[in-house]
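To start, the structure itself, in structure tokens.
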Amino acid sequence: MSFNSSRSADSGSKSKRSFNSISSNRSGNSNSSDNSKKKKTTQKTLGMAWGSNSRSASRSSFRNSPFSDFGSYMAVKNQKLQEQFEAEATSSSNSGSSNGKPIFQGVSIFVDGFTVPSSQELKGYMLKHGGRFENYFSRHRVTHIICSNLPDSKIKNLRSFSAGLPVVKPAWLLDSVGANKLLSWVPYQLDQVVGETHNQPKLSSFFALKSSAVSVGSTNYVTGQENSEIEDPSLKGGTINDADSSGPCGYTDHSKPCSRDWDDSVHGNSTSVRSGEVTCHDGKFSEGNLSEPSNCLMLDKGSVDDLDQPSPCPPSASVVSDNAKKSTSSAITGPSKQHHSTLVDPNFVENYFKKSRLHFIGTWRSRYRKRFPSSKYSSSIVNASAQRTSVIHVDMDCFFVSVVIRNHPELRDKPVAVCHSDNPRGTAEISSANYPARDYGVRAGIFVRDAKALCPHLTIFPYDFEAYEEVADQLYDILHKHCNRIQAVSCDEAFIEVTDSEVEDPQFLASVIRKEIVETTGCTASAGISGNLLMARLATKVAKPNGQCCIPSEKVDDYLNDLPIKSLPGIGRVLEEKLKRKQIQTCGQLRMIPKESLQKEFGVKTGDMLWNYSRGVDNRLVGVIQESKSVGAEVNWGVRFNDMKDCQHFLMNLCKEVSLRLQGCAVEGRTFTLKIKKRRNDAEEPVKYMGCGDCENLSHSMTVPMATDDVDIIRRLTTQLFGSFHIDVKDIRGMGLQVSKLESVDTAKQGHERNSIRSWLASASASSKQQHEIGSPAKESASGEIDKQHIDESLGRFSTDLMGPAVQIGTNPSNFEAPSNQDFALPDLGDLDLGVVESLPPDLFSEINDIYDGKLINLMSKKKGKSVAQERVQVALKEGGGPFCCDPACVNENCVVDKEEKYPVDKIQSGPSNVGISTEVPNKLDFMPSSLSQVDTSVLQQLPEELRVDILQVLPAHRQPECVSDINLDPPSKAKKSPENQASVSSKELWAGNPPEWVAMFKHSNCYIFRILADMYYRSGSTGRLSAILQCTLSESQTLLDASNDGWDDAICCLCDLLKQYIKLRVETDIEEIYVCFRLLKRFTTKSKLLSQVYNVIFPHLQASVGESYGGSLNI
DNA sequence: ATCCTCCCCTAC
DNA sequence: TAAGGTAGGGGAGGAT
Ligand SMILES: Nc1ccn([C@H]2C[C@H](O)[C@@H](COP(=O)(O)OP(=O)(O)OP(=O)(O)O)O2)c(=O)n1
Ligand SMILES: [Mg+2]
Ligand SMILES: [Mg+2]
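Written out as structure tokens, the structure reads:
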């Protein structure tokens, strides 16, 4: 199941998709689908339980482990988890410093529910007298449960989870304090519990227990499980079955049988909307003098409530709680106090996103884009703007709640909210609350503990992202059926534009759509109808819940007059507060302020918006669907690092995420912005569990010349960006990576074609037009002359025949037309440099051969034996013969570096990014060259010793930067004895007092030095060292290309030079480097003004014609 | 003037 | 326990 396939899927059919765009790319694991499908079917009526699933199991590092291995691993890990748990700071004690007599020594209480005195006071008593206070229940740590009173529904569960622990009234503590000794708790037992034995010793967890505070039967809505079947994971840990058999979470499959059955059941119930009877009964609305039925159509709130809802399925299957899984699916990286942080879970980023509601709604749009690739209708909208139009705004009522209680009609009139947790003391956020709950003040975004305080009998349901996705799809299918001008706002909300000619009665259309929505989804929607986006949206607010409302233009002013400014979209907390300080609370008051004042105070655009909105004016058009401007990922929860390694690991995963999202959107980006949330100095631990608390928001960005989606490049960039923060990783509370300056990956570059030579050439020629826009022509032609000279000079030593004669291009950009991809003319076969072509890696050769319909190979065989063979340097690189290392931390000689590991996570431990730990060794990746005199000593230090010696011997010959003398260098005697070392002597003599002209080509000092060395080694036949220094150059070039705007000319020069050297020398062990060169140049040169240099590597004789056809942009 | 970077604000 | 993301708009201030 790939992203592209889902994009091409017919919108009517339920294609496999994932709400988490990453997961579909990553897992590609169809093995789990059978399993998960079954599970889903049975889960349906209960909603998904806490999360983990076969997908996550299959992605875990244990995916291939046999059961037994996994099981024993889990056993060990749970033991460790418990040990951690023991040490965890979720409990408070005051050992040693208690100022009261330690009468509660050995007593550890957990307070359940409301108590008198409050749990905080009890905590105070405990700490004062040597006892412990547990915020969260654990049978291992807690010795007594303190409880004043519990509703009956809780008692049963309390018995269960208490597992024989005494449940005692607070008076026990008070009396003990009063008596100044520990009294027996027996007389203080809670009456309701006395005499009972625990006949249900197994319970999901305290967490799960809490969720059944309000129960229907004994079903726990949160876990979707009969309580009696739940095991306490904190005791036993996850079972193997847990890890292997639960259903997927990020959602993919919409064609499951259940949805069919459900659809059928819906259609079995006939419904009707009696739109003729509607009037505006809404109180708010009436107060606004808008109650005329003729002008304002509003369905009676009750009228749709009466519509039949799909018949509820009885709760059927139970699902193993995810609690166990969570404790098992994370590996332990070391002792830690946080159980849900980056410290514990190496897959934190991925796992986190799977459970984040905000991630779900935040990424919904990109999924929608794939379902309904846009721009079909956006142009017609512009045209249609001449006509009179109405806007309908449709928004699902308390979306998340509606969806999860579709099959619980008995809860429709009871307060219900969706939340991760049902802990009445928890800091989990309410995602959505239904309207009965809102009557109690429960709102999206408040903590569950506050919600429970406002409404103690609030029923909490867990998330079911899969179901939200499914309903959203149904919603948009319906909308698209009725209208082709739709502007998606979110998964539960859209604007529809209708022209008067198309639809005579927008209100009737709205009622039809709403009826269809409730019939299809089992959830109600509300609609607002008005003349523009703003007023339609405001009308929806009036209409909710389950109603619709029209605000005709003549009623706009009246309606707005008393409307609180906060109700206007775009005015949030901050603007509201600022206006309030100016005594502005309503739109009517806002209208009194002249536009100029507003603009002066809030900025031009914002002032304009305020002025317009307060008058009901909104000039935005419906449906102008712009392509996305940025793609990013961030995590600001559970982010805690102890050391650089944790941090780097996290960052690299974030990069992977971002890279995959870019690829998922088929875009590449040029600007990378790393955001870091840094704990404020004065901020203590956040109120919210694992939250980021009060933070400073920092960001640094970097723009590279060539757009990319490549994870390795992104990682290098990100690493470099991170270094620029100079931040203590312990202060980091959140990080995000955003990519902007996006360019869409055109079809020619997609798929396997992407790295082919043909597409490279084609894209290069197509995009060469843009070269005119880059840089000034004067500068180009000037530097072109220099470049040519220098390159001739420099390359002459290696490969005089590779460069053809220079072509000075006459600049005539105005006449220039870039050939299209199709027009790209293949060079004549006779124009190819056969020596170079022959030396290409086999598959590159074969690719070119294919381009020429196989004629190339014939030509080659004819000319065989003539040319290049004798020019080749015979290289017989023995194993490890090239001491190379680009690893800052590694100075071992003979270090063979695996390409994949060039920038591994743990290599960036030192350097400026690691403030306060070790700044004396600069981070190589932080180096950004700017001038010839700037020699990066750290780079030099990373070189193998022998090469370093050579450099020091060479440098003084013409220009030795001062800082080189700082290098602490002990010339190894071994190096002196090496026969290869002779090269440096001769080279030194060669260059002494006579620096070659081409040195100016390498403005970047490292490349410059490397180039000198390469030349030296080449002359001396030191092939091992030559190979090593070429790799160093390649590595430097990569860094340059990725990171520097200034350095990419240098980098291109280096790479072209390198490529020629590699190819010409045919260093067989460096085949991979040739590929890297090619890839870099392909990526890079489509927009390079130095394009022709790359061309010349393969098509040197084409220079003149290329130069002509590509106008003045070429400088060779 | 216009662009760029580093923020802040807003909505779902 | 708990999963505070994502993307666009826009302002301030500096570089050009
Ligand atoms: N702070 C928020 C706001 C919204 N949502 C999610 C849950 C909502 O159900 C969904 C849609 O947002 P709405 O603003 O449309 O809110 P509701 O649909 O829940 O209620 P309403 O009836 O007011 O539209 O987005 C969320 O998780 N957290
Ligand atoms: Mg809604
Ligand atoms: Mg909404």
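Residue numbering for the first sequence follows my numbering, beginning at 1 and increasing consecutively. All C-beta atoms, glycine included, are put in the ideal place defined by N, C-alpha and C.
Around ligand 2, the residues whose beta-carbon falls short of 5 Å from at least one of its heavy atoms are D395, M396, F399, D492, given in chain order. Judged by DSSP secondary structure, H393 falls within the beta strand (DSSP E) whose first and last residues are 389 to 396.
The closest heavy atom of ligand 3 lies less than 7 Å from the beta carbon of S490. G607: member of the alpha helix (DSSP H) spanning 604 to 613, first to last residue.
Counting other Cβ atoms within 10 Å of its Cβ, N434 reaches 16 or more and is therefore classed as buried.
Counting along the chain, the unbroken alpha helix (DSSP H) around F360 starts and ends at 357 to 371. Counting only unbroken stretches of 3 or more residues, the beta strand (DSSP E) elements lying wholly within the region 590 to 666 are 630 to 635, in sequence order.
For F725, the secondary structure class from DSSP, reduced to helix, strand or coil, is coil. Distances from the CB of I361 to the heavy atoms of ligand 1 include at least one below 7 Å. When beta bridges are read from the DSSP output, Q189 appears opposite V168.
Annotation: the continuous beta strand (DSSP E) that includes K741 extends over 732 to 744. Judged by DSSP secondary structure, Q507 falls within the alpha helix (DSSP H) whose first and last residues are 506 to 521.
Relative to the Cα of R367, the nearest Cα in the group E466, V401, A417 belongs to E466. Here K629 is near S740, since their CB atoms are less than 8 Å apart. Contact annotation: H482 and L509 have beta-carbon atoms nearer than 8 Å. For T540, the enclosing alpha helix (DSSP H) stretches over residues 533 to 543. Separation of F447 and P415 (C-alpha to C-alpha, rounded to the nearest whole angstrom) is 16 Å. When only Cα atoms are considered, D500 and L698 end up about 49 Å apart. The Cβ atoms of K169 and I103 lie no closer than 8 Å to each other. At a cut-off of 7 Å, the beta-carbon of K355 does not count as near ligand 1: no heavy atom of the ligand is closer than that. With respect to R670, V704 sits close: the two C-beta atoms are nearer than 8 Å.
For I146, the three-state secondary structure derived from DSSP is strand.
Note that the C-beta distance between F495 and A536 is below 8 Å. In the DSSP assignment, P564 forms a beta bridge with T586. Counting only residues of its own chain and dropping the five nearest sequence neighbours on each side, C665 has a CB closer than 7 Å to the CB of S366, S628, V631. In terms of Cβ geometry, D709 and S744 do not form a close pair [threshold 8 Å]. Take the alpha-carbon of L654 and the one of G426: they are about 28 Å apart. For R132, the enclosing beta strand (DSSP E) covers residues 132 to 134. When the beta-carbon positions are compared, Q738 and K678 stay at least 8 Å from each other. In the DSSP assignment, S402 falls within the unbroken alpha helix (DSSP H) covering 399 to 404. Sorting I361, D464, D395, Q663 by C-alpha distance to the C-alpha of A707 places Q663 at the top. Within 7 Å of the C-beta of G445 there is at least one heavy atom belonging to ligand 1.
Counting along the chain, Q474 sits inside the alpha helix (DSSP H) bounded by residues 465 to 482. Comparing C-alpha distances from D450 to each of S421, W172, D464 shows the shortest one belongs to S421. If you look at P705, you'll find it in the beta strand (DSSP E) that goes 695 to 708.
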